[in-house]
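I have placed the structure first, in the form of structure tokens, so that the comments after it can refer back to it.
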Amino acid sequence: MVLEPKFFIEQHRDARSFSFTDQTGEYDAEDNPGGFGTPNPEEGDVTDISLEIIGPEGGSYAYEGDYSSTLEIFAEDIGYPSTLFKDGVYKFKVTYTTESDDYTSEVEFFGFASIIASEVMRASLDYHPSESTSKKEWILEQHRLLNNLRFSAQTGNLEYFDENLEQLQKIR
Amino acid sequence: MDLVFQESLPVTKLITLRITSLYFKYKSIGNREGSYKVGEALKALHVYLSILEYYYYQEPDSDLVIEEEDIKKIYNKFKQVYFAVKPTPYGY
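Chains A and B, in that order, are what the protein sequence lines are.
Numbering-wise (my numbering), the first sequence opens with residue 1 and increments by one.
Numbering-wise (my numbering), the second sequence opens with residue 1001 and increments by one.
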């Protein structure tokens, strides 16, 4: 068997950072053959971690450091050209390094939408049933699109995620 | 900040339940004006609940998009929305 790193990425609401969480789990011949533990390396054998990231604009970024099962990574840690992570779909790949070998994960996709979500929420603070119909509809439409964005991310539909994000950015 | 949320959560639940049941009541008796107003109130509640959820999951040490003051105003709006559709002796 070969160790197969699994992980989860969650962008923080302020768009300045994201958290990395290892989800490799323990080895199980049937359910998790790529997990930590004999015959694979133990989690304690992993010394270093590196992340390869491709942003929605196509730029490539990298993070390297000592292994930890949880990390908080800021834009400046990976040389991202802004303090805020732009909204869109990011590709991630992680490599765990032990004394004897490197183990690389599959490419995983994660949708970032903290900037647009914060704009929608700020705009929503003014919502009141006595507002004009056009303003109410504008805010409700943003909420519908934000919900769609969440569902597309949950179902792994990258095309709908991009489409909804584009629509949201148009009407803001 | 969590304390404000926790204390006020039952209020939002109660108001949401009351308004939802009002909506069905007006619908069942064919009260168009009443069901329109309650429908508008329900849309407002949907927006306010989304804001509360967003607020709840903000990182407390980061730049906050929604401040505690904003949330106090939202709770106030919950109550306003309810009183605006609460049945009066004259109905709708």
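Every residue gets a Cβ at the ideal spot worked out from N, C-alpha and C, and that includes glycine.
Quick caveat, the model's predicted, so the values are computed rather than measured.
Alpha carbons only, please: which of the options is nearest the one belonging to residue i?
i	options	result
B:G1039	A:R16, A:E72, A:K136	A:K136
A:T97	A:S69, A:D45, A:G79	A:D45
B:Y1082	B:K1037, B:E1069, B:Y1055, B:D1070	B:K1037
A:E57	A:G111, A:E43, A:A29, A:A153	A:G111
A:E108	A:Y80, A:S100, A:N147, A:A153	A:A153
A:A123	A:S130, A:W138, A:A113, A:P129	A:W138
A:A113	A:N147, A:L3, A:S130, A:I78	A:N147
B:K1079	A:L168, A:P129, A:I9, A:E166	A:P129
A:Y27	A:F18, A:I9, A:L3	A:L3
Under 8 Å, do residue i and residue j count as touching if we go by C-beta distance?
i	j	result
A:L103	A:P5	At residue 103 of chain A the sequence reads Tyr, which differs from the Leu that was named. Yes, they are a contact pair.
B:L1042	B:T1012	no
A:R16	A:T83	yes
A:P41	A:M1	no
A:G37	A:I49	no
B:V1047	A:H143	yes
B:I1029	B:Y1055	no
A:V89	A:F151	no
Just the C-alpha distance for residue i and residue j, rounded to the nearest angstrom, thanks.
i	j	result
A:D87	A:G55	9 Å
A:I115	B:Y1075	25 Å
B:I1051	A:V120	9 Å
A:T24	A:E106	12 Å
B:R1018	A:S69	46 Å
A:L149	A:V94	25 Å
A:N157	A:F92	16 Å
A:T133	A:Y127	11 Å
B:Y1023	B:G1034	8 Å
A:R172	A:F85	18 Å
B:T1016	B:L1045	7 Å
B:E1068	A:T47	42 Å
A:Q11	A:L168	19 Å
B:V1085	A:L125	20 Å
A:T155	B:K1077	34 Å
B:Y1026	B:L1014	18 Å
B:P1087	B:N1031	12 Å
A:F18	A:Y67	16 Å
A:I78	A:L71	13 Å
B:M1001	A:E131	Low per-residue confidence applies at B:M1001: pLDDT is 44, beneath 50, and the placement is therefore not dependable enough to give any value.
A:I53	A:I9	11 Å
A:Y29	A:E99	Reading off the sequence shown, one finds Ala at residue 29 of chain A, where the question assumed Tyr. Approximately 24 Å between the Cα atoms of the pair.
A:E166	A:D101	42 Å
Assuming residue i contacts residue j under a Cβ cut-off of 8 Å, what Cβ separation, rounded to an integer in Å, is found between them?
i	j	result
A:L145	A:N164	5 Å
A:D22	A:F7	6 Å
A:F20	A:L51	7 Å
A:Y61	A:Y80	6 Å
Say the cut is 7 Å; is the CB of residue i nearer than that to a heavy atom of the ligand FAD?
i	result
A:A117	For the ligand FAD, the structure offers nothing, since it holds no ligand at all.
| query | Residue ranges of each alpha helix (DSSP H) run of no fewer than 4 residues wholly in the stretch 74 to 131 of chain A, ordered along the chain? | reply | 114 to 124
| Contiguous alpha helix (DSSP H) assignments of at least 4 residues, all confined to the stretch 1022 to 1089 of chain B | 1032 to 1056, 1068 to 1085
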